[in-house]
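Trainee:
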Amino acid sequence: MDVINWAAAKLLFDILQALLMCVMAVYIYWLNKHRATGTAISKLNERVDDVDKHLSRLEQTLDNRPGYSEIDQLRSEMATMNRGVAELSASMNASNALLNRLHEYLLTEKGNR
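So, in structure tokens, the structure goes:
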């Protein structure tokens with residue numbers, strides 16, 4: 011019957027245990043590294059989504075703004091309205107002058123009686 015060398019068995023067990031601990035340490039380091047990277051990627055994805063929402067709103071705003079042709083059309087319509095207002099102002103001034111003359115005439119006629 012062979013005698014078991016317990017010192018050698020203990021040494022082999024200690025070496026296997028040390029190797030297992032090293033493998034577990036490397037695995038935990040790798041796992042934490044990728045977990046941190048995954049968290050950073052998730053945060054970056056959230057930021058990209060926010061920027062995309064803002065960009066979509068800006069694009070919608072820019073799509074709805076008037077172009078040069080619409081602005082030119084508005085300018086021509088405003089010029090037409092300004093001419094109409096100027097004509098009304100001239101007509102109002104003429105009517106006001108006529109009313110003042112009639113007022114003066116009536117005051118002088120009433121004073122002559």
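Taken in order, the sequence shown gives residues 11 to 123; the numbers are from our numbering.
Think of the CB as a built atom: it goes at the ideal place given N, C-alpha and C, for glycine as much as any other residue.
None of these values were measured; they are calculated from a predicted model.
1) Output the distance between the C-alpha atoms of Asp-1 and Met-31, rounded to the nearest integer angstrom.
2) Which class does Val-36 belong to by DSSP, given the choice of helix, strand or coil?
3) Over the uninterrupted alpha helix (DSSP H) stretch that includes Gly-121, give me the two end residues.
4) Quick one: Cα of Glu-80 to Cα of Asp-59, how far?
5) CA-CA distance, Ala-100 and Asn-92?
6) Consult DSSP for Asp-12 and reduce its assignment to one of helix, strand or coil.
Mentor: Judging by the given coordinates:
1) Not covered by the structure: residue 1. The range shown for the chain is 11 to 123.
2) If DSSP states are grouped into helix, strand and coil, Val-36 belongs with the helices.
3) Where Gly-121 is concerned, the enclosing alpha helix (DSSP H) stretches over 78 to 122.
4) A straight line joining the alpha-carbon of Glu-80 with that of Asp-59 spans about 34 Å.
5) Going by the C-alpha atoms only, they are around 12 Å apart.
6) It is coil, neither helix nor strand.
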